[in-house]
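Structure first, commentary second.
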Amino acid sequence: DSGVTQTPKHLITATGQRVTLRCSPRSGDLSVYWYQQSLDQGLQFLIQYYNGEERAKGNILERFSAQQFPDLHSELNLSSLELGDSALYFCASSPPSGHSYNEQFFGPGTRLTVL
Amino acid sequence: GEDVEQSLFLSVREGDSSVINCTYTDSSSTYLYWYKQEPGAGLQLLTYIFSNMDMKQDQRLTVLLNKKDKHLSLRIADTQTGDSAIYFCAERRTSYDKVIFGPGTSLSVIP
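Protein sequence lines correspond, in order, to chains A and B. Numbered per the numbering used here, the first sequence finishes at 169, counting up by one with no gaps. Numbered per the numbering used here, the second sequence finishes at 113, counting up by one with no gaps.
Now the structure itself:
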């Protein structure tokens with residue numbers, strides 16, 4: 055158990071819908087990262103937040119958005135869903151900047167299926 | 003380019019050594035990582051190496067770093083069936099904490 059929790063574990067929805075994925079980082083970690091893992095695209099970095107502020111952006115679509123709240127939990131919002139959005143979505147957290155090798159601790163993931 | 007590259011598949015016999023190779027992109031990357039993903043689970047840090055090191059050994063794992071060629075390898079000695087997983091190489095860029103992952107190498111261990 056990495057200490058990072060993600061809900062829900064599975065999500066099945068239809069095209070055109072909107073969903074929200076939730077992540078709680080490890081206690082004390084300020085950074086939260088979101089990744090998308092699919093068979094054809096591999097592990098894609100989406101976005102990073104640090105202590106409530108966006109820090110880095112990767113291959114995140116405009117239909118997707120995220121935020122990190124004052125209690126440091128984060129939500130990833132996916133809207134106008136398409137079949138190709140079906141994937142595993144991972145959240146990871148890491149300790150505050152400057153902590154040596156900065157390991158990222160991954161949650162168990164949310165499996166999203168868009169029908 | 004932007005991409006970290008790895009071969010996608012590797013198959014070895016139980017008891018043999020496995021070598022997983024990776025080419026990264028940023029010569030100023032500070033840390034290089036190997037993460038392991040078991041079926042149905044998230045990624046877990048296996049080992050890491052700081053960029054000023056050439057080699058790091060940790061029990062059955064040996065990491066070799068060639069900064070000149072931007073080449074990283076992971077050797078698993080006496081590979082076991084429990085080592086079957088996907089192994090991701092990753093580099094930490096100097097800009098903030100951005101970590102770029104490779105596509106992952108799926109290691110299959112044949113009993």
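Don't be surprised by glycine CBs; every beta carbon is placed ideally from N, CA and C.
- Of all residues in the stretch 145-169 of chain A, only S148, S151, Y155, N156, E157, Q158, F160, G161, P162, G163 come within less than 7 Å of chain B when Cβ atoms are compared, listed by chain position.
- Taking the Cα positions, B/Y37 is about 26 Å away from A/S119.
- The C-alpha of A/V58 is placed about 28 Å away from the C-alpha of B/L10.
- Listed in chain order, the non-local C-beta contacts of B/Y33 below 8 Å within the same chain comprise Y50, I51, F52, S53, E93, R94, local neighbours out to five positions each way being set aside.
- Around B/I102, the same chain offers V6, E93 as residues with beta carbons nearer than 6 Å, after the five sequence neighbours per side are excluded.
- Neighbourhood of B/P105 in chain A, by CB distance below 8 Å: G96, L97, in chain order.
- DSSP, read as helix, strand or coil, puts B/D60 in strand.
- Among the bridge pairs identified by DSSP, A/I101 is matched with A/W88, A/K111.
- Under the criterion of beta carbons closer than 8 Å, A/S133 and A/R72 qualify as touching, at roughly 4 Å.
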